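Below is one structure, written out as structure tokens; comments come after it.
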Amino acid sequence: MIEARGLAKRFTAAKQTVEAVHPLNLDVATGELVALLGPNGAGKSTTIRMLTTLLAPTSGTAYVAGHDVLRRPRDVRLRIGCVGQGNGAGLGHRGRDELISQGRAYGLTTAAARARAAELIASLELQGVADRVVSSLSGGQRRRLDVALGLVHAPQLLFLDEPSTGLDPQNRARLVEHVRRLRADHGTTVVFTTHYLDEADRLAERVVIVDHGRVIADDTPARLKAAHAGDRIALAFDDERAARTAAARAGGVEGAAVERSANRVDVRVAGGARIAPRLLGEFAAHGAAAAEVEVSRPTLDDVFLNLTGRSLREESGDRAAADDGAEDEEKESAA
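In this text, residue positions in the sequence shown follow the UniProt record's numbering: the first is 1, and each later residue adds one.
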């Protein structure tokens, strides 16, 4: 469905050249659900814009739905749906009318466009708001309408650029469920960008991690976590002496990464649930019994941290907090 080779984009301004996307190779098979995950400014949206013919690459090639994005852009556009970061619907029009107009633009008859609009309104739970002007809808309702607009012509491939940005947690979860059902019911290939770790982990079958315009990892969430981050054993001790003893003993475990801060010790190691009981017994035998212990599985943030030395969760924290703060506005608008 997507075959990109050496796809790159450079921007030049004020005599400075910025490599927004370094040459990348990307393959997406029919029916896949793929996330491009990375911090703001990583090059995710630029990549999507090139693949959807909205931005010409500086170099490289890309075939989308069987057509060259540079030589056959119209053929590409007829076969894809694209939901950008901004609202796609006119604020002064009714949602239903926007869907019908979109269908007509793609060559549907008026009757077929009306029927398709009704189908999408039901599928995306817009029945109660479809006949209201778009400006009166909540952020979550507008985002679902944007997705409906991208699906009017039943595309083979759907691109979603940061689909849940600006939504409260409840509406984010609802949108994730809609996308999951879309793939399950219709076999639609979906490629979406996100900086939300939980969204990529729960929704994507495959995660492509992008940082500073480069693809630094590409695999299933489970394989990424297994390859780049071990289980975490978090321990607390009554005093620093015990913590130092425990850290020294844990350092002898093959493949373990150990960090100590005051009376707390963190151990990263594969098979943490299996190893933890043995470690606790060894600590106690050397007079360093743990007061607290917690074993947790690795996350995609652990993967990003291991690959880049930075926490994606912390880099995206301010924006995520702002999105969570939208919850009151969502509820008020929906009322």
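Glycine included, every Cβ here is placed at the ideal spot set by N, Cα and C.
A quick note: this is a predicted structure, and the numbers were derived from the prediction, not measured.
Review point. Sorted by chain position, which residues of the same chain lie with C-beta nearer than 6 Å to residue 259's C-beta, five sequence neighbours on each side aside?
Key: As a first step, residue 259 is located in the sequence shown; it is residue number 259 there, counting from the start. The answer, listed in chain order, is 266.
**Study point:** Proximal residues to residue 275 (C-beta, below 7 Å), its chain only, five neighbours per side dropped
**Key:** Sequence index remark: in the sequence shown, residue 275 carries index 275 (1-based). The residues are 253 and 269.
Check your understanding: Would a C-beta distance cut-off of 8 Å place residue 81 and residue 89 closer than the cut-off?
Key -> In the sequence shown, the residue the question calls residue 81 occupies position 81. In the sequence shown, the residue the question calls residue 89 occupies position 89. It is not a contact, given that the beta carbons lie outside the stated cut-off.
Review point. Can you tell me whether residue 404 is buried or exposed, with buried defined as 16 or more other CB within 10 angstroms of its CB?
Key: With the chain represented from 1 up to 335, any question about residue 404 goes unanswered, as that position is not in the structure.
Point to revise | Straight-line gap, residue 147 to residue 117 (C-alpha atoms, nearest Å) | key: As a position in the sequence shown, residue 147 is number 147, starting the count at 1. As a position in the sequence shown, residue 117 is number 117, starting the count at 1. Roughly 12 Å separates the two Cα atoms.
Exercise for review: Find the nearest neighbour of residue 183 within the set 145, 218, 77 and 205, judged by alpha-carbon distance.
Suggested key: For this step, residue 183 is matched to residue 183 along the sequence shown. Of the listed residues, the one whose Cα sits closest to residue 183 is 205.
**Study point:** Enclosing beta strand (DSSP E) for residue 25 [first to last residue]
**Key:** Taking the first residue of the sequence shown as 1, we reach residue 25 at position 25. From DSSP, the beta strand (DSSP E) with residue 25 extends over 16-28.
Point to revise | Own chain residues within Cβ distance below 8 Å of residue 257, not counting five before or after | key: Within the sequence shown, residue 257 is the residue found at index 257, counting from 1. Result list for residue 257: 230, 267, 268 and 269, in chain order.
Practice item. Under 8 Å by Cβ, that's how I've got residue 50 and residue 29 pegged, so tell me the actual separation to the nearest angstrom. Key: Here residue 50 is taken as the residue at index 50 of the sequence shown, counted from 1. Here residue 29 is taken as the residue at index 29 of the sequence shown, counted from 1. Between residue 29 and residue 50 the Cβ distance is about 19 Å, and since that is not below 8 Å, they are no contact.
Check your understanding: Where do the ends of the alpha helix (DSSP H) carrying residue 133 lie?
Key -> As a first step, residue 133 must be located in the sequence shown, where it is residue number 133. Looking at the DSSP string, residue 133 is not in any alpha helix (DSSP H), and its letter there is neither H nor E.
Point to revise | Residues that residue 60 bridges to, as DSSP identifies them | key: Counting from one through the sequence shown, the residue named residue 60 turns up at place 60. Answer by DSSP bridge pairing: none, since residue 60 is not bridged.
Review point. So is residue 40 buried or exposed if we call it buried at 16+ other beta carbons inside 10 Å?
Key: Looking up residue 40 in the sequence shown gives position 40. Residue 40 should be labelled exposed.
Check your understanding: Which whole-angstrom value describes the C-beta separation of residue 272 and residue 233, a residue pair presumed to lie in contact below a C-beta threshold of 8 Å?
Key -> As a working mapping, residue 272 is identified with position 272 in the sequence shown. As a working mapping, residue 233 is identified with position 233 in the sequence shown. Residue 272 to residue 233, Cβ: 5 Å. Contact.
Review point. How long is the line joining the alpha carbons of residue 227 and residue 133, rounded to whole angstroms?
Key: Taking the first residue of the sequence shown as 1, we reach residue 227 at position 227. Taking the first residue of the sequence shown as 1, we reach residue 133 at position 133. Cα-Cα distance, rounded: 49 Å.
Practice item. Evaluate the contact criterion for the stretch 184-200 versus the stretch 146-163: three or more CB pairs, one atom per stretch, below 8 Å. Key: yes
Exercise for review: Take residue 209 as the anchor and find which of 304, 198 and 129 has the nearest alpha-carbon.
Suggested key: Locating residue 209 in the sequence shown gives position 209, counting from the first residue. Considering only alpha carbons, the answer is 304.
Review point. Can you list the beta strand (DSSP E) stretches of 3 or more residues lying completely in the stretch 247-321, in chain order?
Key: 257-261, 264-269 and 292-296
Check your understanding: Does DSSP put residue 245 in a helix, a strand or coil?
Key -> Working through the sequence shown from its first residue, we reach residue 245 at position 245. In the structure shown, residue 245 sits in a helix (DSSP, three-state: H, G or I).
**Study point:** Nonlocal neighbours in the same chain, by C-beta distance under 7 Å from residue 32, ignoring five residues either side
**Key:** Mapped onto the sequence shown, residue 32 falls at position 32. Same-chain partners within the cutoff: 189, 205 and 206.
Check your understanding: Does the distance from the CB of residue 10 to the CB of residue 19 come in under 8 Å?
Key -> On the sequence shown, position 10 is the one that residue 10 refers to. On the sequence shown, position 19 is the one that residue 19 refers to. Their beta carbons are under 8 Å apart, which means residue 10 touches residue 19 by this criterion.
Exercise for review: For my contact list, residue 288 and residue 237 are in at a C-beta cut-off of 8 Å; report their separation, rounded to the angstrom.
Suggested key: Taking the sequence shown and counting its residues from 1, the one referred to as residue 288 is at position 288. Taking the sequence shown and counting its residues from 1, the one referred to as residue 237 is at position 237. Residue 288 to residue 237, Cβ: 6 Å. Contact.
Check your understanding: So, helix, strand or coil for residue 206, using DSSP?
Key -> Position 206 of the sequence shown holds residue 206. Note: residue 206 maps to strand in three-state DSSP.
Check your understanding: Would residue 15 be called buried (16 or more neighbouring beta carbons within 10 Å of its own) or exposed?
Key -> As a first step, residue 15 must be located in the sequence shown, where it is residue number 15. Residue 15 comes out exposed.
Check your understanding: Could you give the C-beta distance for residue 213 and residue 43, rounded to a whole number, given that I count them as a contact under 8 Å?
Key -> Your numbering for residue 213 matches position 213 in the sequence shown. Your numbering for residue 43 matches position 43 in the sequence shown. About 4 Å; that satisfies the 8 Å criterion.
Review point. Between which two residues does the alpha helix (DSSP H) containing residue 112 stretch?
Key: As a first step, residue 112 must be located in the sequence shown, where it is residue number 112. Element bounds for residue 112: 110-123.
Check your understanding: Among 244, 198, 242 and 239, which has the Cα closest to the Cα of residue 222?
Key -> Sequence index remark: in the sequence shown, residue 222 carries index 222 (1-based). Closest option to residue 222, Cα to Cα, is 198.
Check your understanding: In angstroms, rounded to a whole number, what distance separates the CA positions of residue 241 and residue 306?
Key -> Sequence index remark: in the sequence shown, residue 241 carries index 241 (1-based). Sequence index remark: in the sequence shown, residue 306 carries index 306 (1-based). Near 29 Å, if we compare the C-alpha coordinates of residue 306 and residue 241.
Review point. So residue 38 and residue 195 are in contact, right, with Cβ under 8 Å, and what is the actual spacing, rounded?
Key: Here residue 38 refers to the residue found at position 38 of the sequence shown. Here residue 195 refers to the residue found at position 195 of the sequence shown. Right, the Cβ-Cβ distance comes to about 7 Å (below 8 Å), so this counts as a contact.
**Study point:** Residue environment, residue 277, which counts as buried when at least 16 other CB atoms sit within 10 Å
**Key:** Walking along the sequence shown from the start, residue 277 turns up at place 277. With fewer than 16 Cβ atoms within 10 Å of its Cβ, residue 277 is classed as exposed.
Check your understanding: Of the choices 161, 159, 202 and 171, whose alpha-carbon is the least far from that of residue 180?
Key -> Stepping through the sequence shown from its first residue, residue 180 is reached at position 180. Checking every option, the nearest Cα to that of residue 180 belongs to 202.
Review point. Distance, Cα to Cα, residue 217 vs residue 255?
Key: As a first step, residue 217 must be located in the sequence shown, where it is residue number 217. As a first step, residue 255 must be located in the sequence shown, where it is residue number 255. Cα to Cα, the separation comes out at about 21 Å.
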